[in-house]
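Residue numbers (my numbering): 688 to 857.
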């Protein structure tokens, strides 16, 4: 099962990079452009995904002290509730680093780790314990779900986008 999560992390890294290329290559600034919906811009939507991924990574420390936690990112991780970056270039850089950490994490996971529990605290302060494999699955599916919303917004701006085909990634 570890292989599935390794594949998910690598696919998400590639797909996120392709999505960033589409956003960065758009003729107009679609990153900050206002849209209707719960999230008022692609920036808000991507910040939401980023913050959720940061919360997930921090909670994975309760499973085991993986080597990735020696990365300087974890000395002062960003507040998951705050906007990550003021501009697209810095957001892209932060996203790429976070994706690299997720790939490194899945390369470190042992099969036995998957049946351990992640302890996390919700934004409402409630302590929860969830199986690690379920938390990983949620983390990667959460990205996929919201990238679909980004794709829809890009469609509305008439920006060509076709970045989410996992099957084409080895």
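All C-beta atoms in this analysis are idealised placements derived from N, C-alpha and C, irrespective of residue type, glycine included.
Out of the options, which has the shortest C-alpha to C-alpha gap to residue i?
i: residue 711; options: 829, 804, 778 and 700; result: 778
i: residue 846; options: 733, 734, 720 and 697; result: 720
i: residue 855; options: 688, 840 and 699; result: 699
i: residue 821; options: 751, 800 and 734; result: 800
i: residue 797; options: 752, 832 and 734; result: 752
i: residue 760; options: 781, 770, 724 and 814; result: 781
i: residue 828; options: 740, 688 and 725; result: 740
i: residue 792; options: 750, 702 and 729; result: 750
i: residue 745; options: 841, 808, 824 and 813; result: 808
i: residue 713; options: 816, 734, 794 and 775; result: 775
Let me check one thing: in DSSP terms, what residues is residue i bridge-paired to?
i: residue 818; result: 804
Buried or exposed: where does residue i fall if 16 or more other Cβ atoms within 10 Å of its Cβ makes it buried?
i: residue 853; result: exposed
i: residue 806; result: exposed
i: residue 839; result: exposed
i: residue 754; result: exposed
i: residue 743; result: buried
i: residue 757; result: exposed
i: residue 843; result: exposed
i: residue 802; result: exposed
i: residue 695; result: buried
By Cβ distance, which residues of its chain are closer than 7 Å to residue i, with the 5 residues on each side in sequence left out?
i: residue 832; result: none
i: residue 706; result: 834, 837 and 850
i: residue 815; result: 807 and 809
i: residue 748; result: 756
i: residue 732; result: 726, 833, 836 and 837
Go through its chain and collect everything with a Cβ distance to residue i's Cβ below 6 Å, but skip five positions before and after it.
i: residue 738; result: 767
i: residue 770; result: 734
i: residue 693; result: 793
i: residue 730; result: 718 and 719
i: residue 689; result: 796 and 798
For residue i, is the beta carbon positioned less than 7 Å from some heavy atom of the ligand ADP?
i: residue 780; result: The ligand ADP is absent from the structure shown, which contains no ligand whatsoever.
Legend entry - Continuous beta strand (DSSP E) assignments of at least 3 residues falling wholly in the stretch 768-813: 804-808
Legend entry - Entirely enclosed alpha helix (DSSP H) segments - the stretch 719-774, minimum 4 residues: Counting only unbroken stretches of 4 or more residues, the alpha helix (DSSP H) elements lying wholly within the stretch 719-774 are 729-747, in sequence order.
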